[in-house]
Structure formats: structure tokens, C-alpha cells
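Undergrad: Residue numbers (the working numbering), protein chains in the order written: chain S, 1 to 196; chain X, 197 to 392.
From the three backbone atoms N, C-alpha and C, an ideal C-beta is built for every residue, glycine too.
Before I ask anything, let me first share the structure, which is written out below as C-alpha cells.
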DNA sequence: CGCGACGTTGATTTGCCTCAACGATTGTGG
DNA sequence: CCACAATCGTTGAGGCAAATCAACGTCGCG
């Protein structure tokens with residue numbers, strides 16, 4: 001049950017057996033059923049969740065009442081509202097399971113304690129978030145500079161697994177376009193280059 | 197000369213006199229004249245820079261040869277290409293001074309050493325980047341879900357000082373619209389609600 | 001079995017871009 | 001110190017990518 005997260009966290013830094021045990025004592029397992037919520041708007045996000053199995057989405061509801069999907073997350077990813085978590089203030093976001101999911105969660109207090117007792121992990125988490133920051137920057141660059149079609153192609157290339165697992169409507173929302181537009185983009189692509 | 201950065205870094209964590217001195221020995225002052233470059237495309241970003249005085253922009257050049265501005269930074273902010281810095285690989289970005297600027301910079305090796313010797317600062321920097329992440333997330337949400345006009349209003353509200361200091365063309369680039377569009381947006385706003 | 005979610009397609013609208021021209025301001029070299 | 005160039009902001013005309021509104025077939029789930 002812990003093997004994946006252990007491997008995930010020790011990718012760049014040595015962590016001893018004892019430290020792993022400490023880590024395990026600070027995290028707990030959590031199951032969320034399809035359509036279940038890990039976080040709802042208005043709550044303080046009190047966790048960072050590592051996904052052992054399953055698929056979730058993070059989104060907010062815009063003025064028009066539509067979902068705007070910000071992130072999909074599958075196995076071996078983390079999901080959280082970092083802003084809400086790190087400042088311990090209410091979130092505007094929802095995190096909802098798209099499939100039955102199995103998570104390992106750590107809460108704010110335990111994360112603090114863990115860093116005190118295993119300083120090496122503070123480094124690991126700092127590097128993780130630096131990496132996330134760079135990824136988000138790249139996504140941001142695409143979103144301002146590229147057309148809907150380019151963004152879709154990029155998405156398919158980057159996350160082929162998610163394209164399989166998630167309905168098209170939701171991918172459209174993630175890309176910031178309407179489902180109708182995505183449908184048209186796909187049919188146009190298909191005419192141009194009949195499958196690879 | 198160090199008073200601002202000391203205050204900045206000790207906002208959330210206690211740092212002793214001796215630790216501050218260590219910090220000062222690892223950073224160095226740097227002056228960049230208006231239109232001077234702190235980073236150019238192709239270089240590895242080997243610094244994180246704290247702005248004591250001045251104003252800079254970070255941008256890349258898109259396929260059409262246009263500047264796409266990703267960040268403005270003024271006094272008491274940090275600027276760097278985090279992706280390039282943390283992975284020590286070439287950057288796609290430029291960082292250029294919009295005014296004569298005075299910076300305090302720390303390079304990769306010194307930052308590592310500093311964290312080893314003052315673990316409390318690892319925490320400070322982790323929190324800083326978490327904060328930056330949250331800010332970037334918010335900006336990203338706006339860019340996919342909001343109209344040009346909404347984004348401009350948001351910008352004016354959030355960074356009134358920058359609106360004063362930076363030409364409109366550059367703000368347009370930051371907002372992901374053309375200067376012409378921004379001009380029209382402003383004139384339309386002015387008709388609707390003749391100043392506040 | 002029936003209802004709601006999903007995907008597709010068509011007609012129309014719209015927000016923003018592109019291209020172009022022009023006046024005002026800033027900065028610079030002779 | 002002036003002249004000229006470059007930068008900046010504005011305005012107009014026309015075009016295009018994607019949104020909106022609407023209708024319809026399919027599928028899977030309760």
C-alpha cells in the first residue's frame with residue numbers, strides 16, 4: 001500500500017526505513033467513490049492527497065454556473081488546493097472523483113510535524129512544488145499563445161491515458177473551450193489526417 | 197541595503213543575526229539598467245533575484261516574433277525562471293529591466309549551501325513558492341474563464357502601481373490581448389462608467 | 001424501459017485579431 | 001536645441017475562431 005508513495009518521494013533524496021515509518025504514521029488512507037467529493041467550495045483544504053488508484057478532477061463553478069476544470073489527476077499524482085492548504089483559508093474549488101479512488105492523505109499539522117522530524121522531506125516537497133510550478137507555467141504559456149486545436153493536440157500527446165478515461169465534455173472544459181468546439185476540432189483533424 | 201530582504205524573509209520564520217549574516221554572504225548586489233537583460237533565451241537561469249528597487253519584465257518570443265509577457269516584478273518581489281533554475285537547463289525566457297533596477301541575487305550553489313546551513317530558510321522558500329503557485333493558478337483561471345475586459349479590470353485592481361509604471365502595450369501583452377483591443381476596452385469602460 | 005449524459009452537426013453571433021492610418025509624446029544624434 | 005525617428009495610444013474596416021443556441025441520435029445506468 002505504501003510502496004508507490006515511498007518510491008515517489010525517494011526519487012531524488014535518500015530516505016531511511018525509520019523515516020518512511022514515520023511518514024506512514026502521518027498519512028492515512030482514504031477511499032472516495034465515483035462522484036464523491038474530496039473538497040467542496042467554502043471548505044478549507046486540509047490535505048494533500050497522493051493518488052494510489054483512481055482519477056479525480058479539480059474545478060470551480062464560474063459566474064454562468066459552468067464547471068471550469070483546472071486539473072485531472074490519476075495514479076502517482078498529487079491533488080490539493082495548494083493556496084487554500086498553505087494559507088488555511090476557504091477554497092473556491094471542488095475536488096471530485098471521476099472513478100472510485102484510493103488516496104493517501106496528509107493533513108496540515110502532520111505535514112508540519114513531518115518536516116520537522118524529517119527535514120529531507122521538506123526538500124522533496126519544495127522540489128515537487130517547483131516542478132509543479134514549472135508545469136503550470138508551461139500550461140499557462142500554451143493557453144495564452146496557442147489555438148484550441150493546438151492545445152488539444154498537446155493534451156492528447158501529454159496525457160494520452162486521460163483522454164481514454166475522461167469524457168470529452170470534461171476535456172473541453174479543461175482546455176477552456178466548449179464541447180461543441182472540441183467535437184468540431186476532432187472531426188476536422190480526422191479529415192485532415194485520418195488517424196495515425 | 198539588506199533591510200528589505202531580511203524583513204521579507206523573516207515574515208513567517210525566526211531568523212537569527214548570525215543566519216542573516218550568512219545569508220548576506222551568499223547573495224550579491226546587482227544593478228541592471230533600463231533595457232538591460234538579467235536573463236536571455238538559451239541561457240541557464242542561474243539566479244533568483246530579489247528586487248530592492250526598480251521594475252522588470254519576464255517574457256518569451258512567440259512564433260510570430262511577438263513578446264508574450266509572463267510577469268512584471270517591482271520592489272519586494274522575486275524574479276527568476278524557476279523551471280530553468282531548479283533543473284539547471286536552458287531557459288526560453290528573457291528577463292529585462294523596464295527601469296534602472298537594483299537587485300539582490302543568489303545563485304544555485306549558494307542557495308543549496310544556504311539551505312543546508314539555515315534549514316529554516318528552506319521552509320521560507322517553500323512557502324514562497326507555494327504562494328507563487330497559488331497566484332499563478334489564479335491568473336491561469338482568469339485567463340481561461342474570463343473576457344479580456346474582466347482580466348484588465350482584475351489587473352488594475354490587483355496591481356494599480358504597475359498600471360502607472362508600465363506602458364499599455366506591455367500590459368496588453370501580459371493580458372494576452374493586442375494593444376488595440378486594450379485601447380478599445382478602456383474607451384468602452386470610460387463611456388460606461390466615467391471614472392470612479 | 002426511460003431518462004439523462006454524451007457526442008455530433010448546423011446556423012448564427014460575437015469577441016478579439018489583423019491591417020492600416022494618424023496624432024501625440026519621448027528620446028536622441030547632429 | 002532642434003529635427004527626426006521611434007514609441008505609444010487611438011480609431012476604423014474587415015475577417016476569423018470559437019461561442020451560443022438549437023436539434024437530434026446513441027448509449028449506459030438506475
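If you drop the 5 nearest sequence neighbours on each side, which residues of the same chain put their C-beta closer than 6 Å to that of residue 107 of chain S?
TA: 46, 47
Undergrad: So residue 282 of chain X is in the alpha helix (DSSP H); what residue range does that whole segment cover?
TA: 278-283
Undergrad: Apart from the five residues just before and just after residue 88 of chain S, which ones in its own chain have a Cβ nearer than 6 Å to its Cβ?
TA: Cβ within range, chain order: 44.
Undergrad: Residue 136 of chain S versus chain X: which residues are under 9 Å apart at the beta carbon?
TA: 329, 332, 333, 336
Undergrad: Roughly how many whole angstroms lie between the Cα atoms of residue 64 of chain S and residue 225 of chain X?
TA: 49 Å
Undergrad: Mind pulling the beta strand (DSSP E) runs of 3 or more residues that sit fully within the region 340-380 of chain X?
TA: none
Undergrad: To which residues does DSSP link residue 56 of chain S through a beta bridge?
TA: S:73, S:97
Undergrad: Would you check if the distance between the CB atom of residue 293 of chain X and the CB atom of residue 229 of chain X is smaller than 8 Å?
TA: yes
Undergrad: If you check the beta carbons only, do residue 141 of chain S and residue 182 of chain S fall under 8 Å apart?
TA: Taking 8 Å as the Cβ cut-off, residue 141 of chain S and residue 182 of chain S do not qualify as a contacting pair.
Undergrad: Could you tell me whether the Cβ atoms of residue 339 of chain X and residue 264 of chain X are closer together than 8 Å?
TA: Contact: no.
Undergrad: Using a Cβ-Cβ distance under 8 Å, would residue 123 of chain S count as near chain X?
TA: Chain X, which has a Cβ nearer than 8 Å to the Cβ of residue 123 of chain S, makes this yes.
Undergrad: Check residue 231 of chain X in the structure and name its three-state DSSP category.
TA: coil
Undergrad: Can you tell me the Cα-Cα spacing of residue 120 of chain S and residue 16 of chain S, whole angstroms?
TA: 10 Å
Undergrad: Helix, strand or coil for residue 129 of chain S? Go by DSSP, reduced to three states.
TA: helix
Undergrad: When the distance is taken between beta carbons, is residue 366 of chain X closer than 8 Å to residue 287 of chain X?
TA: no
Undergrad: In the structure shown, what three-state DSSP assignment does residue 63 of chain S receive?
TA: coil
Undergrad: Find the residues of chain X that neighbour residue 176 of chain S, judging by a C-beta separation of less than 9 Å, and give them in chain order.
TA: 339, 340, 341
Undergrad: So, is residue 353 of chain X buried or exposed, given that buried needs 16 or more other C-beta atoms within 10 angstroms?
TA: exposed
Undergrad: Can you pull the chain X residues whose beta carbon is under 7 Å from the beta carbon of residue 119 of chain S, in chain order?
TA: 315
Undergrad: Since residue 39 of chain S and residue 81 of chain S should fall inside the 8 Å C-beta cutoff, what is the C-beta to C-beta distance between them, to a whole number of angstroms?
TA: Under the criterion of beta carbons closer than 8 Å, residue 39 of chain S and residue 81 of chain S qualify as touching, at roughly 6 Å.
Undergrad: Once you ignore the five residues that flank residue 100 of chain S on each side, which residues in its own chain have a CB closer than 7 Å to its CB?
TA: 33, 34, 54
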